[in-house]
Amino acid sequence: MTRPDEPAPAVPAAEPTAVGTALVLQALGVDRLVSIPGWHDDEDTPLGHLAGKVRSTASRLDHVQRNMVTLATSIRRDMQRVIDGHDVDLPQTHGLIGSSALSLDLLCARRAELYQHLDALTQLHKILAANRPPAPPVQPEGPATARTAKATQHPAKLNEAQRKALEAVARGRVYLQTSSLRSSARVTTSEPVSAVSVTALIKRKLVEADTRTSLYQGQKLRLTPAGTRLHAAVVGAASQQASPVAAAERAALVPVAGIQQFPRVGR
464 MTRPDEPAPA
474 VPAAEPTAVG
484 TALVLQALGV
494 DRLVSIPGWH
504 DDEDTPLGHL
514 AGKVRSTASR
524 LDHVQRNMVT
534 LATSIRRDMQ
544 RVIDGHDVDL
554 PQTHGLIGSS
564 ALSLDLLCAR
574 RAELYQHLDA
584 LTQLHKILAA
594 NRPPAPPVQP
604 EGPATARTAK
614 ATQHPAKLNE
624 AQRKALEAVA
634 RGRVYLQTSS
644 LRSSARVTTS
654 EPVSAVSVTA
664 LIKRKLVEAD
674 TRTSLYQGQK
684 LRLTPAGTRL
694 HAAVVGAASQ
704 QASPVAAAER
714 AALVPVAGIQ
724 QFPRVGR
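So this is what it looks like as structure tokens:
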């Protein structure tokens, strides 16, 4: 008698330690974080501000969960050594586990707090998204509309420091990194860009961190779709400004007709 085939395991929506991300994906019914309503909105809109809160809280919860798993794995390894009889060199001053148990308790309490807070944020987000006003109808593009759109997309919305920071992010040279659980993330880069400018780009949803790696390892900053469009506009504007200068330089190298140039003879 043959046994029936067992059902295939369900594919998780996120990695096992990304409990914050998994909570958001399940509660809001999306397949990735950037798909939730308001993710790319400005921070001054209610839904955009709430989406930013959801993003930061989910990232903190994922971070705490990863630390919990790492610490629990270390404790399990020590306990296995006791079971196997290889615990001679384990520290005995403060007990078998030492301060690891207290650290695990603190992480568990922090995880429960963040989980409840994130759950409340997602419920509020669903209410705001359901009552979001419809987008204005698309108007036919006339001369005035084209001028308005061009002014809106003009790269002058970035100052010089922010433009340099945007270009550094586009080249993959900017990271967010932290050294401990209690310290906040800081901007690290090999280029002379301002951390304040990078933070401004993050708040304007032009730049986001790649959360596939931990803050301890360093999360590379990358352009969002809005940041990619703005970067293309900045590059296009820079090339247009450089074209007349390059043309003038090329013209200066063209010899004038009818004039022969001879090498100078030394004295």
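Heads up, our numbering is the position in the sequence shown plus 463, with the first residue counted as 1. Ideal Cβ positions, reconstructed from N, Cα and C, are used throughout, including at glycine.
Under a three-way DSSP split, which group does residue 680 fall into? Counting from one through the sequence shown, the residue named residue 680 turns up at place 217. The answer is coil: DSSP assigns residue 680 none of H, G, I, E or B.
Does DSSP classify residue 654 as helix, strand or coil? In the sequence shown, the residue the question calls residue 654 occupies position 191. Note: residue 654 maps to coil in three-state DSSP.
Going by DSSP, which residues form a beta bridge with residue 565? The count along the sequence shown starts at 1 and reaches residue 565 at position 102. Answer by DSSP bridge pairing: none, since residue 565 is not bridged.
Taking C-beta to C-beta, are residue 641 and residue 678 nearer than 8 Å? The residue labelled residue 641 in the question sits at position 178 within the sequence shown. The residue labelled residue 678 in the question sits at position 215 within the sequence shown. Contact flag set, yes.
Is it buried or exposed for residue 547, if we count other Cβ within 10 angstroms and need 16 for buried? Working through the sequence shown from its first residue, we reach residue 547 at position 84. It is exposed - the Cβ of residue 547 has fewer than 16 other Cβ atoms within 10 Å.
Taking the straight line between their C-alpha atoms, what separation do you get for residue 681 and residue 526? To locate residue 681, count along the sequence shown from 1; it is residue 218. To locate residue 526, count along the sequence shown from 1; it is residue 63. Cα to Cα, residue 681 sits roughly 12 Å from residue 526.
In this structure, how does DSSP classify residue 633 when only helix, strand and coil are distinguished? Counting from 1 along the sequence shown, the entry for residue 633 is found at position 170. Residue 633: helix per DSSP, three-state reduction.
Just to confirm the assignment, what range does the beta strand (DSSP E) spanning residue 672 have? Position 209 of the sequence shown, counted from the first residue, corresponds to residue 672. Residues 670 to 672.
Around the Cβ of residue 590, are there at least 16 other Cβ atoms within 10 angstroms (buried) or fewer (exposed)? Position 127 of the sequence shown, counted from the first residue, corresponds to residue 590. It counts as exposed.
Who are residue 686's beta bridge partners in DSSP? Numbered from 1 along the sequence shown, position 223 holds the residue referred to as residue 686. Residue 686 is bridged to 670.
Selected residue, minimal CA-CA separation from residue 692, among 630, 653, 654 and 673: The residue labelled residue 692 in the question sits at position 229 within the sequence shown. Residue 692 has its Cα closest to that of 630, out of 630, 653, 654 and 673.
When we look at the beta-carbon of residue 483 and count the other beta-carbons within 10 Å, is it buried (16 or more) or exposed? Locating residue 483 in the sequence shown gives position 20, where the first residue counts as 1. Buried, by the Cβ-count rule.
Is residue 656 closer than 8 Å to residue 670 when the C-beta atoms are compared? In the sequence shown, the residue the question calls residue 670 occupies position 207. In the sequence shown, the residue the question calls residue 656 occupies position 193. No, the Cβ-Cβ distance between residue 670 and residue 656 is not below 8 Å.
Within 10 angstroms of its Cβ, does residue 498 collect 16 or more other Cβ (buried), or is it exposed? As a working mapping, residue 498 is identified with position 35 in the sequence shown. So residue 498 ends up on the exposed side.
Looking only at DSSP bridge pairs, what is residue 649 linked to? Position 186 of the sequence shown, counted from the start, is the residue given in the question as residue 649. DSSP output for residue 649 lists 640 as bridge partner(s).
Please look up how many angstroms separate the CB atoms of residue 584 and residue 524, rounded, as I've assumed it's under 8 Å. Taking the first residue of the sequence shown as position 1, residue 584 is located at position 121. Taking the first residue of the sequence shown as position 1, residue 524 is located at position 61. Not quite, the Cβ-Cβ distance comes to about 11 Å (not below 8 Å), so this is no contact.
Residue 504 lies in the alpha helix (DSSP H); which residues open and close that run? If you number the sequence shown from 1, residue 504 lands on position 41. Looking at the DSSP string, residue 504 is not in any alpha helix (DSSP H), and its letter there is neither H nor E.
Report the option in 563, 490 and 575 whose CA atom is closest to the CA atom of residue 539. In the sequence shown, counting from the first residue as 1, residue 539 sits at position 76. When only C-alpha atoms are compared, the closest one is 563.
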